[in-house]
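**Student:**
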Amino acid sequence: MTLSRGLRQRLVQFACVAIVFGAWQIGSTTGALDPLILPPLSAIVVQLGAVLRAGTVWADLGVTLAELAIAFAFAVAIGLPAGFLVSRSRLAVRAFDPLIAGLYAVPTILLYPLYLLFFGIGPPSKIALGATMAVFPIVLSTIAGFTHVNAVRLAAARSMGASPVQLFGRVLVPEAFPVVIAGLRMGLVLGFLAILGGETLTSNVGLGHEIVTMAESLEPAKMFAYITVAIAAASALNALTSYVELRGRRHERA
Amino acid sequence: MTGRVAVIRLAAIALLAIAWEVLARRFANPLFVAPPSATLVAAFALLDDPDVVRALLAALQELAIAFVIAVAAGVVIAVPLGLSTFWRGAFLPLVLGLYAIPQVTVLPLFVRIFGLGPPTKIAFGVTHGVFAVILTVIAGMRTIDPILLRAATSLGATRRQLIFNVVLPSLVPSLFTGMRLAMSGVLLGVLLAELYVSTTGIGFFTQAFTNAFAPAKLFALILLLATIAIALNELARVAERRFSRWRT
Numbered sequence: 001m002t003l004s005r006g007l008r009q010r011l012v013q014f015a016c017v018a019i020v021f022g023a024w025q026i027g028s029t030t031g032a033l034d035p036l037i038l039p040p041l042s043a044i045v046v047q048l049g050a051v052l053r054a055g056t057v058w059a060d061l062g063v064t065l066a067e068l069a070i071a072f073a074f075a076v077a078i079g080l081p082a083g084f085l086v087s088r089s090r091l092a093v094r095a096f097d098p099l100i101a102g103l104y105a106v107p108t109i110l111l112y113p114l115y116l117l118f119f120g121i122g123p124p125s126k127i128a129l130g131a132t133m134a135v136f137p138i139v140l141s142t143i144a145g146f147t148h149v150n151a152v153r154l155a156a157a158r159s160m161g162a163s164p165v166q167l168f169g170r171v172l173v174p175e176a177f178p179v180v181i182a183g184l185r186m187g188l189v190l191g192f193l194a195i196l197g198g199e200t201l202t203s204n205v206g207l208g209h210e211i212v213t214m215a216e217s218l219e220p221a222k223m224f225a226y227i228t229v230a231i232a233a234a235s236a237l238n239a240l241t242s243y244v245e246l247r248g249r250r251h252e253r254a
Numbered sequence: 255m256t257g258r259v260a261v262i263r264l265a266a267i268a269l270l271a272i273a274w275e276v277l278a279r280r281f282a283n284p285l286f287v288a289p290p291s292a293t294l295v296a297a298f299a300l301l302d303d304p305d306v307v308r309a310l311l312a313a314l315q316e317l318a319i320a321f322v323i324a325v326a327a328g329v330v331i332a333v334p335l336g337l338s339t340f341w342r343g344a345f346l347p348l349v350l351g352l353y354a355i356p357q358v359t360v361l362p363l364f365v366r367i368f369g370l371g372p373p374t375k376i377a378f379g380v381t382h383g384v385f386a387v388i389l390t391v392i393a394g395m396r397t398i399d400p401i402l403l404r405a406a407t408s409l410g411a412t413r414r415q416l417i418f419n420v421v422l423p424s425l426v427p428s429l430f431t432g433m434r435l436a437m438s439g440v441l442l443g444v445l446l447a448e449l450y451v452s453t454t455g456i457g458f459f460t461q462a463f464t465n466a467f468a469p470a471k472l473f474a475l476i477l478l479l480a481t482i483a484i485a486l487n488e489l490a491r492v493a494e495r496r497f498s499r500w501r502t
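These protein sequence lines map, in sequence, to chains A and B. Quick note: the first sequence uses the working numbering, first residue 1, plus one each step. Quick note: the second sequence uses the working numbering, first residue 255, plus one each step.
1) Any beta carbon of chain B sitting closer than 8 Å to that of proline 39/A?
2) Have a look at Val349/B, Val440/B, Thr431/B, Glu275/B and flag the residue whose alpha-carbon is nearest the alpha-carbon of threonine 293/B.
3) Isoleucine 100/A: which of Leu346/B, Glu448/B, Ala332/B, Ala266/B sits nearest, CA to CA?
4) When Cβ atoms are compared, which residues of the stretch 443-472 of chain B fall closer than 7 Å to chain A?
5) For alanine 134/A and leucine 3/A, what's the separation of their Cα atoms in angstroms?
6) Compute every distance between the C-beta of methionine 437/B and the non-hydrogen atoms of the ligand SAH, then say whether any falls below 7 Å.
7) Enumerate in chain order the residues of its own chain whose CB-to-CB distance from threonine 29/A is below 6 Å, with the five nearest sequence positions on each side excluded.
8) With a threshold of 8 Å, are at least 3 pairs of Cβ atoms found where one atom belongs to the stretch 398-412 of chain B and the other to the stretch 342-355 of chain B?
9) So valine 358/B contacts chain A; which residues on that side make the cut at Cβ distance below 8 Å?
10) Leaving out five residues before and five after phenylalanine 192/A in sequence, what residues of the same chain have Cβ atoms less than 7 Å from its Cβ?
11) Short check: CB of valine 440/B to CB of glycine 371/B, under 8 Å?
12) Measuring CA to CA, which of Arg491/B, Leu416/B, Ala490/B, Leu300/B is closest to alanine 478/B?
13) Rounded to a whole number of angstroms, what is the C-alpha to C-alpha distance between isoleucine 195/A and asparagine 419/B?
14) When you compare the CB positions of leucine 221/B and proline 113/A, do they come within less than 8 Å of one another, or not?
15) Against valine 212/A, what residues of chain B qualify as contacts under a CB-to-CB distance less than 9 Å, listed in chain order?
16) Quick one: is glutamine 25/A near chain B, going by C-beta distance under 8 Å?
17) Mind checking which residues open and close the alpha helix (DSSP H) that includes isoleucine 70/A?
18) Contact criterion: CB-CB distance below 8 Å. Does glycine 343/B meet it with respect to chain A?
19) Count the other CB atoms, across all protein chains shown, that sit within 10 Å of the CB of glycine 443/B; report buried if there are 16 or more and exposed otherwise.
20) What residue from Gly369/B, Ala490/B, Val349/B has the CA that sits closest to alanine 318/B's CA?
21) Just to confirm the assignment: which complete alpha helix (DSSP H) runs, minimum length 4, are found wholly within the stretch 328-408 of chain B?
22) Examine the Cβ distances between the stretch 138-157 of chain A and the stretch 79-91 of chain A and report whether three or more of them are shorter than 8 Å.
23) As an exercise, report each continuous alpha helix (DSSP H) stretch of at least 4 residues that is fully enclosed by the stretch 269-294 of chain B, in chain order.
24) Candidates Gln25/A, Gly55/A, Arg53/A: which alpha carbon is nearest serine 42/A's?
25) Does alanine 32/A come out as helix, strand or coil in the three-state DSSP assignment?
26) Within 8 Å of any Cβ in chain A, is that where the Cβ of arginine 263/B sits?
27) Quick check: the stretch 150-164 of chain A against the stretch 194-209 of chain A, are there 3 or more CB pairs under 8 Å?
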């Protein structure tokens, strides 16, 4: 055996995936697995091609992403100023930071029935849910970012006569930036999951809604095609935001 | 200082409650919004309703079972992976890949497989909780002092003794961290499934109260569930703090 360690590990991974997918394909074509639950992979691939070509999936994805964009805008508009205000007083940080962190631990999805009552089953209830989910990491990271500003830099800028605006733009924001951007990323990703969740629970549009509809109308292959799109969208969002976060941090250090 | 912190916190909560009470009474449509006073009254009334209590107890039971399975399965999966750098390197990317899947998209599949009853909710709770345990236990195993392992081996410990007398005891702190994270995951998974299934359990009541435009009852049910969630999270947090103290 002269294969390198890394290569052998890749082989194990490949074998695992191959075994699972192989068993899935064979099981569902021979009927050992219920094809209404796990349709053959080949059928899913065919459906995925058809779904992508038909293009309606882009409209569904568009609805979900538009909900996310609005929810995120709300979360940023509320979370950044609120976090900044709390961070300005040590007393406020000690009073509110644990309170907000405690609320964050409550599953946000519990509010969804209320949002459905207030805003109906359309996109606004998803936007409210996504915004609620996203605002917590944003507030908490803003508080953390602005309270851990390097005291020496702050004192130096002050003693050199920096105005409050200069202090804010030249010292506070650059110092807090790496922490805040991590919270923004967290908010965006969690917001996306919350919106998908809302769409899955009760909705009339969006990616999650389509997945449920297909599950109920016994079109499992199409459902898996849509699930694939949702997973791809989540991965893309994750990769994109971690790239932006990394770029932002590097830019900061330079 | 601590006294003032508590006062500010309580004052903020009281202010919010009063604002909610006043706004709800004066301006809001009573078909959609209930003031906190009515919510509290409704909460006590719900606790007298045997059907609601049964649904809450069923949810608690699902949470408990899902939590135990998630923690046990997480440890059973993580310990062998953590013992070998080769297998950890091989399987960790697969675990992380699975973890990255937005699980809520496969919730309809869970219902198809496990039905409308507790098994779906337990299974969904397990898949939401198990990853935190796997990842924290594997991370904890990487920090085990190699000198301890070498000492035990050179004293003639068998592999079994090594696992039960060295590895597992030193895993306790990270296990409790994993259990705290698993608790919030299990809560999310079970509650998602409970809300999704609207024919039985909690989902039935949220739907029924919404359709009946009975906001006080709906608010009260959410309040009760949030209280359960906060209590369970706190329990896990206190346990973590207590059992990671002897880390040093």
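Virtual Cβ for every residue (Gly too), placed ideally from N, Cα, C.
**Tutor:** Taking the definition as stated:
1) no
2) Glu275/B
3) Ala266/B
4) Leu445, Leu446, Leu449, Tyr450, Thr460, Thr464, Pro469, Leu472
5) 46 Å
6) The ligand SAH is not part of this structure, which contains no ligands at all.
7) Pro40
8) no
9) Leu193, Leu196, Gly197, Thr200, Gly208
10) Leu68, Ala234, Leu237
11) no
12) It is worth fixing the name first, because residue 478/B is leucine in this sequence and not alanine. Ranking Arg491/B, Leu416/B, Ala490/B, Leu300/B by Cα distance to leucine 478/B puts Leu300/B first.
13) 46 Å
14) Any property of residue 221/B remains undetermined from this structure, which presents chain B solely from 255 to 502.
15) Leu361, Pro362, Tyr450
16) no
17) 56-87
18) yes
19) buried
20) Ala490/B
21) 339-353, 361-368, 372-396, 400-408
22) yes
23) none
24) Gln25/A
25) coil
26) yes
27) no
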